[in-house]
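Quick note on UniProt numbering: the sequence shown kicks off at 1 and runs consecutively. Where a beta carbon is used, it is the ideal one built from N, C-alpha and C, also for glycine.
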Amino acid sequence: MHNDEFIELIEDVPQQTGKAEHCSMPPWKVLIVDDDVDVHESTTFALQGLTIEGRTLQLLHASSSEEALRLLVREDNIAVILLDVVMETDDSGLRAVDAIRNDLNLRNIRIILRTGQPGHAPEIETIQRYDINDYKTKSELTRTKLYTTLTTAIRAYHQLSRMDANRRGLEQIIEASNQLIAERGLTSFAEGIIMQIASLIDIRPEGLVCASKGHASSDNDPQQLKIIAAAGCYRHLIQHPLADIGNERIIADLTRCLNERRNLIGDHSLSFYFSGRDEAGYAAFVDSPQLLDEIDRHLLQVFCTNIALCAQNVQLVDRLHDLAFVDTMLGLPNRTAFVQQLSARLGDRRHGASAVALIDIDHFAETNDMFGHAYGDLLLAAIAARLREHLNTGHTIARVAGDTFALLGDRRQINPERLIALFTPPFTIEGVARPVSVSMGFAPISDETDGQEVLKNASIALKRAKSKGQGLAETYTPAIGQETKEHMGLLQGIYHAFADQRFFLVYQPQINLFTNEVTGLEALLRWRTADGALVPPGRFIPVAERSGLIVTLGEWVLRSALEAWKVIRDAGYADLRMAVNVSLVQCKHPAMLDMLDHILVDSNADPAHLELEITESVAIMGMAQVVSLLKAIKERHIDVAIDDFGTGFSSLSYLDRLPVDRLKIDRSFVAPLDDSRTGARIAEMIVSLGHTLGITVLAEGVEDPEQAVILKNIGCNEAQGYLYAKPMPLNELLVWLANWQGGRP
């Protein structure tokens, strides 16, 4: 059955008997959520008697978001929600959207926001921030517009649901493929076939599969043909003889299909033949209440050919299983299989204390870039081999991401000390010993956690370990979980603060220690919450960096700082430079220089008065890349400063290669200056180094005159700190500049 000669198109008429009747298509469920009874009544009246895509509407009602969420838990297959924005609270509708998408994980359901207060929740902003599908005012939803809006939403829901059904049917077939000939496996396989066909032609699953006993022949007796799988109106016939169906047309089609080993596609049904490894014949029948069009018939022909091949070739089916559950390069379970095995272990009380570990190779992408992907594959294989060698058969080893392995087993084996020791010896790749650094996250398994929760906990621990550096391990604890939750809350707060324009800049003057003249300003980012409280930069900036939001924030800071510089210039201070901090994340962004060019053009500011401050952590990028980036910045006539010098990655041996204009001594080296002469040694060393290389040196955090005197005596060029001025908003800065007379105002 590999070509069209085994497929016959027939004419048939849907027949009905007492035992096998066609089931009518269910109505579309539409949930109306509104605290106004009149809205419910008017919507019901407007939709009364209407059909969409040949199906009636079933209206469900809720008068609050909480009632709606409870109803969504009880009711399946709700297609559309007509959701009021303002109910119990001003944002109850928006909070309900978040709960529907994230807590209930209902992704297919279409949500149409309705509001009686236009402008309460701006349309564009609301659609951008929330996963909704339409936003209407109640006044604009006339009967016609309500019908067209619902039709569009239902079509989208129908398409998404059909795709899900298609995926579920295929998953069921793959899951059963390794047991194709076994009765249990074959039943699941056959049911999956019915679901898949129904999904392909967009009908409810109505069908059955029967099997001949032994080899298929030309004299199959309906009493000898057993129904091994069924769906819909035929489900009660499983394990019955085919003769019990009581529908002569179906019996005739299936026996002919088996006798002739031929597929029969009619106007309202499909009968197709396939065989198993034991050469027994199987015939599947699917009933359709609707006329099968040309596209449906073509899909069914392709499907029948593929299923026949799948059933006949167990090796092919095994391959499909491997693709779904096995990492083919290493022969290890993949993420899907690992989650399944983890869930199975959680449900098996025979296992003792267990744990999950995630092992991530540090700088694996850089290894691939430097030595090639073939080398990276060899490294992965070597790690997999070592894990197999040292962990016994009672443990699961999986590859769950490109450079991440997952382990599941006894806590006595899956623990930081043992696994760190396992990675201490180097790996031999292409005959060369290579030490490998890995980061690890561990999560103990308890009765209160499920598989996904355990894996999420291990992932949280891994991210925490990587945030501290390389080669470290971290074990998940409830305190870490709470910290992560707070981190996510802070991240969400950053999103909202940026949208609500709650970020602002302050400026701190920089002073020449020998002339007392103001030489520059540093722009510093601040965040004021809605209640007026200031969030410390040390709290929100690291979160913005880890999430990547710092790229957007940094662009805004740079634009705002240059606009402020133009105001300062126009006030008569044209010689001052504006220093702006740039993070490692921004430096690594591929559009960094393009962004810089656009801002310079848009602001029409003089780049010669701009200074970008980077930290020593940019050394992570690699010296060649850092030098290239800084040279590109310098070509734009922009100054470069190294901030917090001496506190980060050591780059002293490369400093003379970097096109740097200024070194900033970190405040941690300035604070000890007034204690003793010993405290000045590091600062003096940095100043000496800067002068040797022809680089200006600026000290941060200068708070008392004695520190300023010591810095001046050791030759430091510039200083900034509370001794001179605190960071100030632009209007206060202009007043301060007007009062500065070469000394403290």
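Taken atom to atom, the span from the alpha-carbon of ARG70 to that of PRO222 is near 49 Å. Residue pairing by DSSP places ALA406 opposite LEU358, ALA398 in a beta bridge.
Contact annotation, ARG411 with ALA355: C-beta distance approximately 4 Å; criterion of less than 8 Å satisfied.
The alpha-carbon separation between GLY376 and MET370 amounts to approximately 10 Å.
Just measuring C-alpha positions, the residue of MET685, SER603, ILE414 sitting nearest THR475 is ILE414. Bounds of the beta strand (DSSP E) holding ARG662 are 662-665. Within the model, the alpha-carbon separation for PRO289 versus ASN102 is close to 36 Å.
Per DSSP, MET595 is one residue of the alpha helix (DSSP H) stretching across 592-603. In this structure, the CA atom of PRO659 is about 37 Å from the CA atom of PRO426. Taking every protein chain shown into account, the CB of ARG577 has 16 or more other CB atoms within 10 angstroms, so this residue is buried.
Cβ-Cβ distances below 7 Å link LYS588 to MET621 in the same chain, with the five nearest sequence neighbours on each side left out; the list follows chain order.
Nearest in C-alpha terms to PHE45, of all of ASN133, GLY93, ILE111, THR144, is THR144. The DSSP-derived three-state label of GLY441 is strand. Counting along the chain, no beta strand (DSSP E) covers VAL73; the unbroken alpha helix (DSSP H) around it starts and ends at 65-74.
Burial is judged here by how many other beta carbons sit within 10 angstroms of a residue's own beta carbon; VAL580 has at least 16 and is buried. The three-state reading of DSSP puts ARG110 in strand, counting E and B together. Taking a cut-off of 8 Å for Cβ pairs, the segment 505-524 and the segment 457-466 do not touch, as fewer than three such pairs fall below it. Within the segment 447-509, the complete beta strand (DSSP E) runs of at least 3 residues fall at 473-475. Taking the Cα positions, LEU242 is about 17 Å away from SER269. When DSSP states are grouped into helix, strand and coil, ILE245 belongs to the helix group.
Shown here, THR428 sits in a strand according to DSSP, grouped into three states. The continuous stretches of alpha helix (DSSP H) do not include LEU658, and DSSP gives it neither H nor E. DSSP, reduced to helix, strand and coil, places PHE423 outside both helices and strands of the structure shown, so it counts as coil. The straight-line gap separating the alpha-carbon atoms of ILE665 and ALA357 is approximately 41 Å. Within its own chain, the residues whose Cβ lies closer than 6 Å to the Cβ of PRO205, once the five positions on either side in sequence are excluded, are ILE194, MET195, ALA198, ALA231, GLY232, listed in chain order. The Cβ neighbour count for TYR495, taken over all protein chains shown within 10 Å, is under 16; the residue is labelled exposed.
Taking C-alpha positions only, ALA381 is separated from LEU330 by approximately 6 Å. At a Cβ-Cβ threshold of 8 Å, PRO509 and ALA680 do not count as neighbours.
Within the model, the alpha-carbon separation for ASP98 versus ASP131 is close to 8 Å. Beta-bridge annotation (DSSP): ARG55 is paired with ILE52. LEU612 and ALA641 have their C-alpha atoms roughly 6 Å apart. Looking only at THR696, ALA719, LEU82, the smallest Cα-Cα distance to GLN707 is reached by ALA719. Cβ atoms of LEU455 and MET440 stay farther apart than 8 Å, at about 14 Å. The beta carbon of VAL557 sits closer than 7 Å to those of LEU505, ALA523, LEU525, VAL580, all from its chain and outside the five residues before and after it, given in chain order. Between the alpha carbons of GLY554 and LEU104 lies a gap of roughly 35 Å. ILE550 is positioned such that its CB atom lies closer than 8 Å to that of VAL585.
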